[in-house]
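Q: Please see the structure below; I have some questions.
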Amino acid sequence: VGYLNHKGLGTVKNIDDAIYWYLKAIKNNNQDALYELALIYLNEDDYKDTKKARVYFYKAKMQGHQKASIEYTKLAPTILDEAKATKNYKLGLLYYEGKTLQKNLYKALEYFEQSAKYGSQKAHFRLGFMYFSGVEVKKDLTKVFFLIFYFLTNHL
């Protein structure tokens, strides 16, 4: 039903309904629903969210979905992204520790977030710690679980 709503087959295209049915199918471990939901977040203008697409491609990949594996790899950070991630992480660490630069947790948070956007697993982990401890940010366990999940799935 999700696919029919997603593609507008036999009905009017309705992405909200497609998402509803895909999520229902995902609860029953349907890897095709994971893949199709990722495609929505990757391609549908009003729903674009590359991070969500990457997460759903990863989950489908882990269940053995071949096309999801390919799409997940396309969304992986490039070498250039890795260089930016490393640079931002190191700057964040300098502000966080306050040894070389004056300690500034707000700037550290900004640099860690930039580093995480470029794919740094270390930055995801550090941000998870900051959200867990409430350092410079409001404690947010939902973000902690997402960040730690991202770190573990990309670091192991």
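Taking this note's numbering, I'd label the letters of the sequence shown as residues 497 to 652.
All C-beta atoms, glycine included, are put in the ideal place defined by N, C-alpha and C.
Computed from a predicted structure; not experimentally measured.
Comparing C-alpha positions only, which one of Glu532, Met626 and Phe608 sits nearest to Asp582?
A: Just to set this straight, residue 582 is Thr in the shown sequence, not Asp. Nearest of Glu532, Met626 and Phe608 to Thr582, Cα basis: Phe608.
Q: Which residue from Lys555, Leu589, Phe621 and Ala521 puts its Cα closest to that of Leu643?
A: The shortest C-alpha separation from Leu643 is found at Phe621.
Q: Taking 6 Å as the cut-off, is the beta-carbon of Glu609 closer than that to any non-hydrogen atom of the ligand SAM?
A: Judged by which ligands are present, the structure shown has none, so any question about the ligand SAM falls away.
Q: Suppose you measure from the CA of Leu652 to the CA of Tyr516; what does that come to, to the nearest Å?
A: Below a pLDDT of 50, predicted positions are generally treated as unreliable, and Leu652, at 46, falls in that range; the measurement from the model is reported next regardless. The straight-line gap from Cα to Cα measures roughly 31 Å.
Q: In whole angstroms, give me the CA-to-CA distance for His502 and Lys509.
A: Their backbone Cα atoms lie some 6 Å apart in a straight line.
Q: Closer than 8 Å is the cut-off here; do at least three beta carbon pairs connect the segment 625 to 640 with the segment 590 to 605?
A: Yes, they touch.
Q: Just verifying my parser: in three-state terms, what is the DSSP assignment at Gln610?
A: In this structure, Gln610 counts as helix in the three-state DSSP scheme.
Q: Alpha carbons only, please: which of Ala514, Ala604, Leu576 and Asn600 is nearest the one belonging to Tyr588?
A: As written in the sequence, residue 588 is Gly, which differs from the Tyr given in the question. Of the candidates Ala514, Ala604, Leu576 and Asn600, the one whose C-alpha sits nearest the C-alpha of Gly588 is Ala604.
Q: Hey, Tyr568 and Ser616: beta-carbon distance below 7 Å or not?
A: No, the pair does not count as a contact, with Cβ atoms beyond the cut-off.
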